[in-house]
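Structure record follows, encoded as structure tokens.
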Amino acid sequence: MSVLMLMIALSTLGLLLVRSTARQLRQAGQQVARERALASAQAAVELAAAHYRRLRPVQLDAALAGTRPQAG
171 MSVLMLMIAL STLGLLLVRS TARQLRQAGQ QVARERALAS AQAAVELAAA
221 HYRRLRPVQL DAALAGTRPQ AG
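To get this note's numbering, take the position in the sequence shown, counting from 1, and add 170.
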């Protein structure tokens with residue numbers, strides 16, 4: 171009977187370990203996804219800033235105001 175109890179206890183511990191490991195892996199994956207999203211957002215901001223730095227002052231004013239200057 172004690173061997174059966176030992177086997178049940180070890181099986182339970184194994185199951186708990188597997189669940190804990192799966193949860194840790196899922197959380198690590200979520201952290202990686204958040205870090206990638208942040209890196210993408212930072213890259214988009216840097217790209218937009220580089221684009222705005224190349225514009226002439228009139229174009230920059232229009233871009234920041236959300237309009238396009240009319241060709242005169």
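Ideal placement from N, C-alpha and C gives every residue a C-beta, glycine not left out.
For residue i and residue j, which I take to be in contact (beta-carbon distance under 8 Å), what is that distance rounded to the nearest angstrom?
i	j	result
residue 233	residue 225	6 Å
From which residue to which residue does the alpha helix (DSSP H) around residue i run?
i	result
residue 204	172-224
Taking the alpha carbon of residue i as the point to measure from, which residue in the options has its own alpha carbon closest?
i	options	result
residue 228	177, 221, 238	238
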